[in-house]
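J.:
There are 2 protein chains.
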Amino acid sequence: MKRYERYAEEIAELIRSGTLRPGERLPSVRQASASRRISPATVFEAYYRLEARGLIQARPRSGYYVAEPVAARAAEPATASPSPRTTEVEISELVFDVLGSTRRPDVVPLGSAFPSPALFPLDALARTLTPAMRRLDAGRIVEELTTGSEALRRQIGLRYVVAGTAVDARELVVTDGAMEALNLCLQAVTRPGDLVAVESPTFYAALQALERLQLRAVEVATHPRHGIEVDSLAEVLQRHPVKACWFMPSFQNPLGSLMPEANKRALVELLARHGVPLIEDDVYGELHFGARRPPPAKAFDRDGLVMHCSSFSKCLAPGYRVGWTAAGRYAQAVQRLKLMTTLTTAMPSQEALAAYLQHGGYDRHLRQLRQALADSQARMLAALARHFPAGTRVTRPEGGYFLWVELPDGVDALLLQRQAAAHDIGLAPGHLFSADRRFARCLRLNYGHPADARVEPALRTLGRLVHEQRRPPEPLPRAP
Amino acid sequence: MKRYERYAEEIAELIRSGTLRPGERLPSVRQASASRRISPATVFEAYYRLEARGLIQARPRSGYYVAEPVAARAAEPATASPSPRTTEVEISELVFDVLGSTRRPDVVPLGSAFPSPALFPLDALARTLTPAMRRLDAGRIVEELTTGSEALRRQIGLRYVVAGTAVDARELVVTDGAMEALNLCLQAVTRPGDLVAVESPTFYAALQALERLQLRAVEVATHPRHGIEVDSLAEVLQRHPVKACWFMPSFQNPLGSLMPEANKRALVELLARHGVPLIEDDVYGELHFGARRPPPAKAFDRDGLVMHCSSFSKCLAPGYRVGWTAAGRYAQAVQRLKLMTTLTTAMPSQEALAAYLQHGGYDRHLRQLRQALADSQARMLAALARHFPAGTRVTRPEGGYFLWVELPDGVDALLLQRQAAAHDIGLAPGHLFSADRRFARCLRLNYGHPADARVEPALRTLGRLVHEQRRPPEPLPRAP
Numbered sequence: 001m002k003r004y005e006r007y008a009e010e011i012a013e014l015i016r017s018g019t020l021r022p023g024e025r026l027p028s029v030r031q032a033s034a035s036r037r038i039s040p041a042t043v044f045e046a047y048y049r050l051e052a053r054g055l056i057q058a059r060p061r062s063g064y065y066v067a068e069p070v071a072a073r074a075a076e077p078a079t080a081s082p083s084p085r086t087t088e089v090e091i092s093e094l095v096f097d098v099l100g101s102t103r104r105p106d107v108v109p110l111g112s113a114f115p116s117p118a119l120f121p122l123d124a125l126a127r128t129l130t131p132a133m134r135r136l137d138a139g140r141i142v143e144e145l146t147t148g149s150e151a152l153r154r155q156i157g158l159r160y161v162v163a164g165t166a167v168d169a170r171e172l173v174v175t176d177g178a179m180e181a182l183n184l185c186l187q188a189v190t191r192p193g194d195l196v197a198v199e200s201p202t203f204y205a206a207l208q209a210l211e212r213l214q215l216r217a218v219e220v221a222t223h224p225r226h227g228i229e230v231d232s233l234a235e236v237l238q239r240h241p242v243k244a245c246w247f248m249p250s251f252q253n254p255l256g257s258l259m260p261e262a263n264k265r266a267l268v269e270l271l272a273r274h275g276v277p278l279i280e281d282d283v284y285g286e287l288h289f290g291a292r293r294p295p296p297a298k299a300f301d302r303d304g305l306v307m308h309c310s311s312f313s314k315c316l317a318p319g320y321r322v323g324w325t326a327a328g329r330y331a332q333a334v335q336r337l338k339l340m341t342t343l344t345t346a347m348p349s350q351e352a353l354a355a356y357l358q359h360g361g362y363d364r365h366l367r368q369l370r371q372a373l374a375d376s377q378a379r380m381l382a383a384l385a386r387h388f389p390a391g392t393r394v395t396r397p398e399g400g401y402f403l404w405v406e407l408p409d410g411v412d413a414l415l416l417q418r419q420a421a422a423h424d425i426g427l428a429p430g431h432l433f434s435a436d437r438r439f440a441r442c443l444r445l446n447y448g449h450p451a452d453a454r455v456e457p458a459l460r461t462l463g464r465l466v467h468e469q470r471r472p473p474e475p476l477p478r479a480p
Numbered sequence: 001m002k003r004y005e006r007y008a009e010e011i012a013e014l015i016r017s018g019t020l021r022p023g024e025r026l027p028s029v030r031q032a033s034a035s036r037r038i039s040p041a042t043v044f045e046a047y048y049r050l051e052a053r054g055l056i057q058a059r060p061r062s063g064y065y066v067a068e069p070v071a072a073r074a075a076e077p078a079t080a081s082p083s084p085r086t087t088e089v090e091i092s093e094l095v096f097d098v099l100g101s102t103r104r105p106d107v108v109p110l111g112s113a114f115p116s117p118a119l120f121p122l123d124a125l126a127r128t129l130t131p132a133m134r135r136l137d138a139g140r141i142v143e144e145l146t147t148g149s150e151a152l153r154r155q156i157g158l159r160y161v162v163a164g165t166a167v168d169a170r171e172l173v174v175t176d177g178a179m180e181a182l183n184l185c186l187q188a189v190t191r192p193g194d195l196v197a198v199e200s201p202t203f204y205a206a207l208q209a210l211e212r213l214q215l216r217a218v219e220v221a222t223h224p225r226h227g228i229e230v231d232s233l234a235e236v237l238q239r240h241p242v243k244a245c246w247f248m249p250s251f252q253n254p255l256g257s258l259m260p261e262a263n264k265r266a267l268v269e270l271l272a273r274h275g276v277p278l279i280e281d282d283v284y285g286e287l288h289f290g291a292r293r294p295p296p297a298k299a300f301d302r303d304g305l306v307m308h309c310s311s312f313s314k315c316l317a318p319g320y321r322v323g324w325t326a327a328g329r330y331a332q333a334v335q336r337l338k339l340m341t342t343l344t345t346a347m348p349s350q351e352a353l354a355a356y357l358q359h360g361g362y363d364r365h366l367r368q369l370r371q372a373l374a375d376s377q378a379r380m381l382a383a384l385a386r387h388f389p390a391g392t393r394v395t396r397p398e399g400g401y402f403l404w405v406e407l408p409d410g411v412d413a414l415l416l417q418r419q420a421a422a423h424d425i426g427l428a429p430g431h432l433f434s435a436d437r438r439f440a441r442c443l444r445l446n447y448g449h450p451a452d453a454r455v456e457p458a459l460r461t462l463g464r465l466v467h468e469q470r471r472p473p474e475p476l477p478r479a480p
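Protein sequences appear in the order of chains G and A.
When we follow the UniProt record's numbering, the leftmost residue of the first sequence carries the number 1, and every step to the right adds one.
When we follow the UniProt record's numbering, the leftmost residue of the second sequence carries the number 1, and every step to the right adds one.
Rendered as structure tokens:
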């Protein structure tokens, strides 16, 4: 971490913890430079970054001040109250209709599930491909069938150490992206008709997976900032024969919520008491804006019940299709399902990633990526405050690249999605994020395209469309 | 095709068709050179290749003669009579036990499902990886999600033209190997509890797929040389509510059978009358020893009922994990299942294969590969004739890399597999190839490792073990 990054992070931490409060003045560049023994340029760079993230504001001829939190500008959504009943899942058609129609380069990708590919070191990765495969002994292509590349598995093991935990290498199964890991885990612990607990709102791909395997869903109250409410889950477990949970404890899609460590621990302990496995979707864990990678729930697992799933698709190598699971006591079952369906993960992708991870550009890349996303979030929050009507509520995640927006009464997100599509603007309407299509005035917006100049005008257009939906239609001229 | 290959192929065709009969003398090198206006070296090279394939024999100071067909040395197995009943499938445990235990480099790979990686242009492929990915516009990584690389899809389309047919590009879904294609197709056309018709014997992965999706199997009589018996299938369709068929019309695994074109056409017409989809596993189609690639059953499909599945894993690029299906009327359903499970196939693998296929080493590589496998088959057939007891029956496939061996009465293949494993020799016992474990004295042997010097001694050891199983045990010394 560079010096200015370290200083910026310290101040951000003071703001997050409330030690520095909105409106308070920061030390001047000269004061900070003297007291910290760092150059004025370093202080200035740190303040510049903090300002870009919306955490502090420069006042001309006066200095830098802690900004009003975004929450004061646009309130956060409240925790939704999910239905206490279990639900058949039938969402796939809607997901394909809505998202398939706007996956074109001329559409502003606010509805996309991916960050911009321009954020990734694709050229550096490409350069590793040929040498990595030429080094590979041909025999290993067949021998490493079952478990994935030895070199990559070692590097994945190291990432757990960076995250402050460790997993047994024998638990690891390399998969074709996290999506395959999640699906194999789900199939390993359920049979058709079983009940699975999900968040509320839920990532639509989890709902699609349930639908594909003919499983039923029960939704658990999920706080927009702190994620799954463990007490609510305890009630659900009392009331229903839940066979598995599929949760995203860090930077949940779509809320961006991050479960505090204590809650993750409590979650794992609760599930251990019930003997219920947790499928932990942790694909955004590396995209934290705070100083430290949040530990996965897996870090608190003593019983092998947590099946931790992640990938490199959102933080390093989109299109390489490399994910994995550390599947605890279900590792062999998952491995066998993999052998029966896709056999093994593409070796060029595995070997190239192993070589890239080993030679060490990864942490520098991640710092740049996190900064770019944090800056981009601040800009989108500011744009929403400018263009969207009062009463709009917005999350302010500490990682990832999604905002969850709750529009004022009277606005329908699916209608808005269709109107936006006519302007070549994509968005993900709330309807996709619940088996009972409850989030009808919510949107998920992607801020992972910082260099896309079309984003700001698109938000202005969206704001106008929202305003128009709220205005009552003009009365028709009366028939004569 | 080189001149000597063309000449060798002409003579092979004359032998296959019976125009040249066993024991007949071929024209001398000088005669053939004069009459065909080709150099003596070309004729000699052609004869040399034919001799290596076991089709002709040199007699010292006399010339070349058509060899006795292998069938005269070891008879072919008869068509098995499958059970007329439908069967629950429970085979996976056995498959994992038997095959997992011998997937080590120190085991002679006679039980392997793969040919030797040394047979493939892995270095040439590796060289295409970096330039192919550097050329790729980053945006396409996300846009081409649904359907696979445009460039690769075009090359796959061309392979259908080479096979004498054509498919609509909109039918194509690129998958993570053929295994994924087959599994997605199966899931697209069935629900748990449905009945699927398979060959007898059947590739164990088909049985595993049925088991995983909780489907029932009904086996159809399959001729060791001509594949599915269409009349038997007609009876099965009359008697049972078959929802889909999973067949390998070309070089079936494990029999190596090749359905004649007329039978393929009759099969497709029969299924069209019943409205039953065919999942066509055609992964060995490119590995033909005859002059022409056999057309897939898909070539006769007018109703979009044939889901043709293949891959590059067995003929070009093991470990790259690129397969596809041309799924006819089910293409959209398959594409959606793919989006829900593995999303898309690794771009480095797709782009490298597209570049390799485009720049044209593929046909030359395939000719060398087919020749190497044909030669290797002839050598293994000769070794079996030397080492195995009379009464052993062996198939003589016109492509692929498997022999199916029926041992004399009194030999148990699973016992033999265990004894062989103790000698570090792998083999696939017949028990794996049927839901009712009927092929208890059959073996599948892999001849796809021509450079492996351990194969011949391993066959000698296997022959000895077979002889020993047939010898009655020595009487125990009587108790005093």
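Note that the Cβ used here is the ideal one computed from N, Cα and C, for glycine as well.
Because the structure is a prediction, the values reported are computed rather than measured.
L258/G and G227/G: beta carbons closer than 9 Å?
T.: Numbered from 1 along the first sequence, position 258 holds the residue referred to as residue 258/G. Numbered from 1 along the first sequence, position 227 holds the residue referred to as residue 227/G. Against a cut-off of 9 Å, the Cβ pair of G227/G and L258/G comes out as a contact.
J.: Is F247/G closer than 9 Å to D281/G when the C-beta atoms are compared?
T.: For the purposes of this step, residue 281/G is taken as the residue at position 281 of the first sequence. For the purposes of this step, residue 247/G is taken as the residue at position 247 of the first sequence. Yes; because the gap between Cβ atoms is below 9 Å, this pair is in contact.
J.: Within the continuous beta strand (DSSP E) that includes V411/A, where are the two ends?
T.: Within the second sequence, residue 411/A is the residue found at index 411, counting from 1. Taken as a continuous stretch (DSSP letters only), V411/A belongs to no beta strand (DSSP E), as it is neither H nor E.
J.: Of all Cβ atoms in chain A, is any one closer than 9 Å to the Cβ of Y64/G?
T.: The count along the first sequence starts at 1 and reaches residue 64/G at position 64. Not closer than 9 Å to any Cβ of chain A, the Cβ of Y64/G fails to qualify, so no.
J.: Cβ of S310/G less than 9 Å from any chain A Cβ?
T.: Looking up residue 310/G in the first sequence gives position 310. Not an interface residue.
J.: I need the boundaries of the beta strand (DSSP E) containing K243/G, first residue and last residue.
T.: As a position in the first sequence, residue 243/G is number 243, starting the count at 1. Here the beta strand (DSSP E) through K243/G covers V242 to F247.
J.: Which chain A residues sit within Cβ distance under 8 Å of A234/G?
T.: As a first step, residue 234/G is located in the first sequence; it is residue number 234 there, counting from the start. Result: empty, since nearest Cβ-Cβ is about 31 Å, beyond 8 Å.
J.: Output yes if chain A places a C-beta closer than 9 Å to the C-beta of E9/G; else output no.
T.: Along the first sequence, one-based indexing puts residue 9/G at 9. Cβ-Cβ to chain A under 9 Å: no for E9/G.
J.: On a Cα-Cα basis, can you pick out the residue from Q332/A, Y7/A and L369/A that is closest to A181/A?
T.: Taking the first residue of the second sequence as 1, we reach residue 181/A at position 181. With distances taken between Cα atoms, A181/A lies closest to Q332/A.
J.: By Cβ distance, which residues of its chain are closer than 8 Å to E76/G, with the 5 residues on each side in sequence left out?
T.: Within the first sequence, residue 76/G is the residue found at index 76, counting from 1. Only P224, R225, R393, V394, T395 and R396 meet the Cβ criterion.
J.: Kindly indicate if chain G contains any beta-carbon less than 9 Å away from that of D123/A.
T.: Residue 123/A sits at position 123 when you count from the first residue of the second sequence. By this cut-off, D123/A is an interface position.
J.: Below 9 Å between beta carbons: does that hold for A355/A and A126/A?
T.: As a working note, residue 355/A is residue 355 in the second sequence. As a working note, residue 126/A is residue 126 in the second sequence. No.
J.: If you check the beta carbons only, do V66/A and I56/A fall under 9 Å apart?
T.: As a working note, residue 66/A is residue 66 in the second sequence. As a working note, residue 56/A is residue 56 in the second sequence. Yes; because the gap between Cβ atoms is below 9 Å, this pair is in contact.
J.: If we cut at 9 Å on Cβ distances, does T461/A have a partner in chain G?
T.: Here residue 461/A is taken as the residue at index 461 of the second sequence, counted from 1. So, not an interface residue.
J.: Between D176/A and chain G, is any beta-carbon pair separated by less than 9 Å?
T.: Residue mapping note: residue 176/A aligns to position 176 of the second sequence, counting from 1. Yes, D176/A lies at the interface with chain G (some Cβ there is under 9 Å from its Cβ).
J.: Nearest to R36/G by CA position, among G23/G, R6/G and E24/G, is which residue?
T.: Stepping through the first sequence from its first residue, residue 36/G is reached at position 36. When only C-alpha atoms are compared, the closest one is R6/G.
J.: Count the other CB atoms, across all protein chains shown, that sit within 10 Å of the CB of V162/G; report buried if there are 16 or more and exposed otherwise.
T.: On the first sequence, position 162 is the one that residue 162/G refers to. Classification for V162/G: exposed.
J.: Give a yes or no on whether the C-beta atoms belonging to P109/G and G426/G are separated by under 9 Å.
T.: Taking the first residue of the first sequence as position 1, residue 109/G is located at position 109. Taking the first residue of the first sequence as position 1, residue 426/G is located at position 426. Yes.
J.: Would the beta-carbon of A383/A fall within 9 Å of that of L353/A?
T.: Stepping through the second sequence from its first residue, residue 383/A is reached at position 383. Stepping through the second sequence from its first residue, residue 353/A is reached at position 353. No, the Cβ-Cβ distance between A383/A and L353/A is not below 9 Å.
J.: Cβ closer than 8 Å: which chain G residues qualify as neighbours of G139/A?
T.: Walking along the second sequence from the start, residue 139/A turns up at place 139. In chain order: P105 and P117.
J.: Tell me the DSSP bridge mates of P429/A?
T.: The sequence position of residue 429/A within the second sequence is 429, counting from 1. DSSP output for P429/A lists L443/A as bridge partner(s).
J.: Using a Cβ cut-off of 8 Å, pull out every chain G residue sitting near F114/A, in sequence order please.
T.: Mapped onto the second sequence, residue 114/A falls at position 114. Correct list: V142.
J.: State yes or no: is the beta carbon of G18/A nearer than 9 Å to at least one beta carbon in chain G?
T.: Indexing the second sequence from 1 puts residue 18/A at position 18. So no, G18/A is outside the interface.
J.: Please work out which residues of its chain come closer than 6 Å, Cβ to Cβ, to Y47/A, disregarding the five sequence neighbours upstream and downstream, and give them in chain order.
T.: Taking the first residue of the second sequence as position 1, residue 47/A is located at position 47. Excluding sequence neighbours, Y47/A sits near Y64.
J.: Is H359/A helix, strand or coil when you go by DSSP?
T.: Against the second sequence, residue 359/A aligns to sequence position 359. In the structure shown, H359/A sits in coil (DSSP, three-state: anything other than H, G, I, E or B).
J.: Taking only beta-carbon positions, decide if A67/G is within less than 9 Å of chain A.
T.: Working through the first sequence from its first residue, we reach residue 67/G at position 67. So no, A67/G is outside the interface.
J.: Report the rounded CA-to-CA distance for G285/G versus V107/G, giving the unit in angstroms.
T.: Counting from 1 along the first sequence, the entry for residue 285/G is found at position 285. Counting from 1 along the first sequence, the entry for residue 107/G is found at position 107. In a straight line, the C-alpha of G285/G is about 28 Å away from that of V107/G.
J.: Kindly indicate the opening and closing residues of the alpha helix (DSSP H) around S232/G.
T.: One-based indexing of the first sequence puts residue 232/G at position 232. Its alpha helix (DSSP H) spans residues V230 to R239.
J.: For A71/A and E398/A, what's the separation of their Cα atoms in angstroms?
T.: In the second sequence, counting from the first residue as 1, residue 71/A sits at position 71. In the second sequence, counting from the first residue as 1, residue 398/A sits at position 398. Only weak support is given to the placement of A71/A: the predicted model assigns it a pLDDT of 48, under 50, and the question is left unresolved by the model.
J.: Can you tell me which of the three DSSP states G275/A falls into?
T.: Within the second sequence, residue 275/A is the residue found at index 275, counting from 1. Of the three classes helix, strand and coil, the one that applies to G275/A here is coil, per DSSP.
J.: Output the boundary residues of the beta strand (DSSP E) element that contains G63/A.
T.: As a position in the second sequence, residue 63/A is number 63, starting the count at 1. It spans G63 to V66 - the beta strand (DSSP E) in which G63/A sits, taken as one unbroken run.
J.: Looking only at DSSP bridge pairs, what is F251/G linked to?
T.: Working through the first sequence from its first residue, we reach residue 251/G at position 251. The partner list for F251/G (beta bridge, DSSP) is empty, contrary to what the question assumes.
J.: Going by C-alpha distance, which of V142/G, P450/G, G54/G and V174/G is nearest L152/G?
T.: On the first sequence, position 152 is the one that residue 152/G refers to. The residue with the shortest Cα to Cα distance from L152/G is V174/G.
J.: How about V322/G and S349/G: are their beta carbons less than 9 Å apart?
T.: Taking the first residue of the first sequence as position 1, residue 322/G is located at position 322. Taking the first residue of the first sequence as position 1, residue 349/G is located at position 349. Closer than 9 Å, so yes.
J.: With a threshold of 8 Å, are at least 3 pairs of Cβ atoms found where one atom belongs to the stretch 403–410 of chain A and the other to the stretch 326–342 of chain A?
T.: Contact fails: fewer than three Cβ-Cβ distances are below 8 Å.
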